[in-house]
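Residue numbers (the numbering used here): 2 to 174.
One structure below.
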Amino acid sequence: MVIGKPLLTVEQIQKRVRELADKITKDYNGKELIAVCILNGAFMFFADLVRHIRVPLKVDFVSCSSYVKTDTTGEVKVHQDLREDIKDKHVLLVEDIADTGVTLNFLREHLMQRGPASIKICALLDKKERRIAEIPLDYAGFSIPNKYVVGYGLDYSNRFRNLPYIAIFKKST
Ligand code: IMP
Ligand code: MG
Numbered sequence: 002m003v004i005g006k007p008l009l010t011v012e013q014i015q016k017r018v019r020e021l022a023d024k025i026t027k028d029y030n031g032k033e034l035i036a037v038c039i040l041n042g043a044f045m046f047f048a049d050l051v052r053h054i055r056v057p058l059k060v061d062f063v064s065c066s067s068y069v070k071t072d073t074t075g076e077v078k079v080h081q082d083l084r085e086d087i088k089d090k091h092v093l094l095v096e097d098i099a100d101t102g103v104t105l106n107f108l109r110e111h112l113m114q115r116g117p118a119s120i121k122i123c124a125l126l127d128k129k130e131r132r133i134a135e136i137p138l139d140y141a142g143f144s145i146p147n148k149y150v151v152g153y154g155l156d157y158s159n160r161f162r163n164l165p166y167i168a169i170f171k172k173s174t
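Structure follows, in structure tokens:
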């Protein structure tokens, strides 16, 4: 297994996370927010993002995994649901990467049924080329090429999440 040199360095990530947090702070001025971390991949991004958001907020966590069955369908299993009641609340879904979009699309629909005041989506990475389900990405950190990446929360078989930067992952041959 080979981890290449950083695709996104610590400095690039930290700078962009602050910019996203500043934008979110402006957009939610005067409102309270429920920031929802999509486990496991978003844990590091989420922790960095919320510490720079300057509006009152609650945090909550949802754990799910997606299985893409064909090119056009996917199934998402929720392992752990929210604990907060989101009715009439402003919800910000925070994800590590928008890949096929199946996970975010499903979660958005799933949570919309609870009558929140609004739901917005913030993803650190956007792998546009792979998109199957159209999702509104309200806040996106970086557009990346169609390569498998690890680090800063993102994994291969639950490994490499602890890297402070993001790198392209290659299986050695
Ligand atoms: P989706 O295909 O948009 O539903 O993404 C599902 C999940 O796949 C994401 O939340 C990530 O956890 C994972 N994923 C997608 N692309 C990558 C990648 O390049 N590296 C690590 N995980 C990924
Ligand atoms: Mg994930």
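Beta carbons are placed, not taken as given, at the ideal position from N, Cα and C, and that holds for glycine.
With C-beta atoms as the reference, is I4 less than 7 Å away from T26? To locate residue 4, count along the sequence shown from 1; it is residue 3. To locate residue 26, count along the sequence shown from 1; it is residue 25. Cβ distance not < 7 Å, so I4 and T26 don't count as in contact.
Please determine whether the Cβ atom of D100 lies at a distance below 6 Å from any heavy atom of the ligand IMP. On the sequence shown, residue 100 is found 99 positions in, with the first residue counted as 1. Correct: D100 has its Cβ closer than 6 Å to the ligand IMP.
Give the straight-line distance between the Cα atoms of F44 and N163, rounded to the nearest whole angstrom. Here the question's residue 44 lines up with position 43 in the sequence shown. Here the question's residue 163 lines up with position 162 in the sequence shown. Taking the straight line joining both Cα atoms gives about 10 Å.
Write down the C-beta distance between G142 and L155 rounded to the nearest angstrom, noting that I regard them as a contact closer than 8 Å. Counted from its first residue, the sequence shown places residue 142 at position 141. Counted from its first residue, the sequence shown places residue 155 at position 154. Incorrect: roughly 12 Å between the Cβ atoms, too far for contact.
Given this structure, state the Cα-to-Cα distance separating I14 from D89, to the nearest angstrom. Counting from one through the sequence shown, the residue named residue 14 turns up at place 13. Counting from one through the sequence shown, the residue named residue 89 turns up at place 88. If I take the Cα positions, the gap works out to 32 Å.
Compute the minimum distance between the beta carbon of Y149 and the heavy atoms of the ligand NAD, and state whether it is under 6 Å. Ligands in the displayed structure: the ligand IMP and the ligand MG; the ligand NAD is not one of them.
Please identify the residue among V37, S119, V51 and T101 whose C-alpha is closest to the C-alpha of Q81. Counted from its first residue, the sequence shown places residue 81 at position 80. When only C-alpha atoms are compared, the closest one is V37.
How far does the alpha helix (DSSP H) with K24 in it extend, from its first residue to its last? Translated into positions along the sequence shown, residue 24 becomes position 23. First-last of the alpha helix (DSSP H) with K24: V11 to D28.
Does the beta-carbon distance from L21 to Y140 come in below 7 Å? Numbered from its first residue, the sequence shown carries residue 21 at position 20. Numbered from its first residue, the sequence shown carries residue 140 at position 139. Yes, Cβ-Cβ distance for L21 and Y140 is below 7 Å.
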